[in-house]
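So the mapping is simple: the numbering used here equals the position in the sequence shown, first residue as 1, plus 22.
From the three backbone atoms N, C-alpha and C, an ideal C-beta is built for every residue, glycine too.
To keep things clear, I will list the structure first and then write my remarks on it.
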Amino acid sequence: MTGTDLPHLVTAVPGPASRAWVDRLALRECPAITSRRARRAAQIGAADTDPIVWAEALGANVKDADGNIFVDLTAGFGVAAVGHRNPRVIAAVTAQMGSLVHAMGDAFPDPRRIELMEALAARTGLDRVILGTSGSDAIDAAVKTAVVATSRHRILAFDGGYHGLAFGPLASLGYLRHTMRQPFDKLLGTHVEWARYGGKLPDLADIAAVLVEPVQGRGGMREPPAGWLAGLHAAAKSAGALVIHDEIYSGCGRTGRFLASELAPDLLCLGKALGGGFPVSACLGTSAAMDAWGASTGAAIHTQTFLGHPVGCAAALAALAELDALAPAVAANGPMLSEALRAVPGVREVTGRGLMLGVHVPNALQATHDLLDRGYLVLPCGERAEALGLTPPYGLTSEQAGGLLAALREVLQWQI
């Protein structure tokens with residue numbers, strides 16, 4: 023496997039080894055985590071199957087437990103933007119593990135943590151940073167910062183917005199919120215107000231922060247109308263509310279620029295691609311917002327055990343260097359792929375930007391299954407699972423993209 027391979031399938035999908043692993047998984051894992059999709063085929067209206075079990079990955083390729091080679095159009099939820107097992111990231115991680123594997127969060131820092139914060143500040147123009155290990159961590163830090171900075175306690179979020187499922191971000195979930203929030207509603211309070219993404223804004227007089235994705239990810243790879251985000255910024259500033267940009271999915275070059283939005287937020291959340299495959303996230307903010315926390319008195323009121331983990335920070339520094347090198351390819355290849363997808367019979371619409379695309383088709387759930395059978399890993403997106411979400415590694419080759427287009431034409435001929 024080279025990382026630039028086209029699919030090569032040696033068994034049915036999933037094969038016997040994947041099925042055996044999933045049988046073992048089902049005995050131990052909470053049933054809400056990894057779906058045995060074949061058992062809910064009737065519920066989702068598609069002839070779906072159990073998942074494949076990943077055994078190896080490189081570049082834009084994944085090999086499963088049966089030896090089948092796939093082209094990964096998900097980049098592992100956007101994480102492997104610089105490619106799976108990127109050599110520069112692996113080298114940086116290996117070197118770091120030879121000297122220091124773990125530091126002590128807020129108590130004792132290390133050089134990689136400081137270098138990563140400096141690198142992020144230089145790229146974003148935001149000069150204060152709180153590091154974490156997940157996107158949810160970054161959202162937590164941003165919301166808490168907004169509350170401290172404004173002395174207000176309400177958040178405005180948007181339909182279709184997805185900011186993570188940890189307890190803090192769950193309160194602001196717009197994506198399938200009546201399903202995913204429902205078991206926990208009585209614990210989540212009433213401090214979040216929702217508005218339509220791209221629609222009219224409510225009165226922001228008592229709002230601490232407006233939490234928004236410049237390009238919605240799980241909600242369908244969609245952007246708001248031109249000028250809407252700028253209007254949101256103006257309304258928030260007028261009302262004394264902060265603006266939080268959730269660029270966990272859209273950031274780190276995914277749209278062809280380091281950040282999807284050219285507007286300057288008060289707080290910015292990054293994750294996914296930031297760590298090059300390692301769990302790293304960041305909440306960045308202006309000094310005006312972040313300094314409202316005040317100086318630590320010795321017992322930090324926001325921290326975690328793995329904050330600024332040396333290995334994760336080393337990985338992120340290497341990933342940032344790779345992202346800089348790959349950004350021109352994303353800016354060039356994204357529009358070409360989008361145009362080619364629009365020309366496929368059966369494609370109703372292509373939303374998003376760069377290599378963050380939503381391909382709207384008659385039956386996206388069935389299409390993901392049929393594409394998997396042909397060696398292409400794709401996930402559905404949108405609140406009605408109405409689109410195929412394409413977020414491939416930035417090094418996806420023209421041959422791999424062409425193979426996807428051919429497979430999609432074949433799949434969709436049965437849907438039109």
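Going by the CB atoms, is the gap between residue j and residue i shorter than 9 Å?
| i | j | result |
| --- | --- | --- |
| residue 40 | residue 74 | yes |
| residue 14 | residue 416 | Residue 14 falls outside the range modelled here, since the chain spans only 23 to 438, and no answer is possible. |
| residue 316 | residue 302 | no |
| residue 428 | residue 404 | no |
| residue 305 | residue 161 | yes |
| residue 167 | residue 264 | yes |
| residue 82 | residue 94 | yes |
| residue 413 | residue 245 | no |
| residue 163 | residue 154 | yes |
| residue 377 | residue 369 | no |
| residue 236 | residue 281 | yes |
| residue 397 | residue 29 | yes |
| residue 299 | residue 101 | yes |
| residue 43 | residue 87 | yes |
| residue 181 | residue 134 | no |
In whole angstroms, what separates the C-alpha of residue i from that of residue j?
| i | j | result |
| --- | --- | --- |
| residue 175 | residue 187 | 20 Å |
| residue 348 | residue 270 | 18 Å |
| residue 319 | residue 371 | 54 Å |
| residue 297 | residue 107 | 12 Å |
| residue 190 | residue 165 | 9 Å |
| residue 407 | residue 197 | 11 Å |
| residue 183 | residue 259 | 21 Å |
| residue 389 | residue 283 | 31 Å |
| residue 384 | residue 437 | 6 Å |
| residue 224 | residue 290 | 22 Å |
| residue 411 | residue 220 | 20 Å |
| residue 206 | residue 353 | 41 Å |
| residue 32 | residue 423 | 21 Å |
| residue 85 | residue 158 | 29 Å |
| residue 350 | residue 45 | 43 Å |
| residue 426 | residue 226 | 45 Å |
| residue 272 | residue 38 | 36 Å |
| residue 431 | residue 366 | 6 Å |
| residue 249 | residue 340 | 35 Å |
| residue 34 | residue 76 | 15 Å |
| residue 126 | residue 257 | 40 Å |
| residue 419 | residue 128 | 42 Å |
| residue 24 | residue 421 | 13 Å |
| residue 208 | residue 145 | 40 Å |
| residue 97 | residue 355 | 16 Å |
| residue 199 | residue 251 | 22 Å |
| residue 239 | residue 121 | 37 Å |
| residue 51 | residue 434 | 35 Å |
| residue 361 | residue 210 | 42 Å |
| residue 147 | residue 266 | 15 Å |
| residue 56 | residue 321 | 38 Å |
| residue 328 | residue 112 | 20 Å |
| residue 62 | residue 48 | Note that residue 62 has pLDDT 48, beneath the 50 cutoff, so the model's placement of it is unreliable and the number below is only indicative. When rounded, the distance between both Cα atoms is 14 Å. |
| residue 60 | residue 204 | Because residue 60 sits at a pLDDT of 48, beneath the cut-off of 50, its placement in the model cannot be relied upon, and the following sentence gives the value as read from the coordinates. Rounded to whole angstroms, residue 60 to residue 204 spans 25 Å at the Cα level. |
| residue 402 | residue 130 | 43 Å |
| residue 288 | residue 255 | 10 Å |
| residue 357 | residue 375 | 7 Å |
| residue 262 | residue 222 | 18 Å |
| residue 156 | residue 195 | 16 Å |
| residue 173 | residue 326 | 24 Å |
| residue 26 | residue 89 | 16 Å |
Under 8 Å by Cβ, that's how I've got residue i and residue j pegged, so tell me the actual separation to the nearest angstrom.
| i | j | result |
| --- | --- | --- |
| residue 268 | residue 213 | Not really, about 17 Å apart at Cβ, beyond 8 Å. |
| residue 331 | residue 124 | 7 Å |
| residue 380 | residue 202 | No, residue 380 and residue 202 are not in contact; Cβ-Cβ is about 20 Å, not under 8 Å. |
| residue 216 | residue 179 | 6 Å |
| residue 314 | residue 409 | Between residue 409 and residue 314 the Cβ distance is about 39 Å, and since that is not below 8 Å, they are no contact. |
| residue 54 | residue 337 | Incorrect: roughly 29 Å between the Cβ atoms, too far for contact. |
| residue 295 | residue 110 | 14 Å between Cβ atoms; not a contact. |
| residue 333 | residue 118 | 5 Å |
For residue i, would you say it is in contact with chain D, using Cβ-to-Cβ distances shorter than 9 Å as the test?
| i | result |
| --- | --- |
| residue 140 | Within the model displayed, chain D is absent; a lone protein chain is all it includes. |
Could you pull the DSSP bridge partners for residue i from this structure?
| i | result |
| --- | --- |
| residue 86 | 76 |
| residue 375 | 378 |
| residue 126 | 130 |
| residue 234 | 267 |
| residue 361 | Per DSSP, none; premise fails for residue 361. |
| residue 153 | 304 |
| residue 180 | 217 |
| residue 399 | 94 |
| residue 229 | 176 |
| residue 274 | Bridge partners of residue 274: none, in fact. |
| residue 409 | 382 and 403 |
Practice item. Please confirm if the stretch 226-235 is in contact with the stretch 135-142, defined as three or more CB-CB distances below 8 Å between the two stretches. Key: no
Review point. Are there three or more Cβ pairs, one per stretch, closer than 8 Å when the stretch 267-279 is compared with the stretch 307-323?
Key: no
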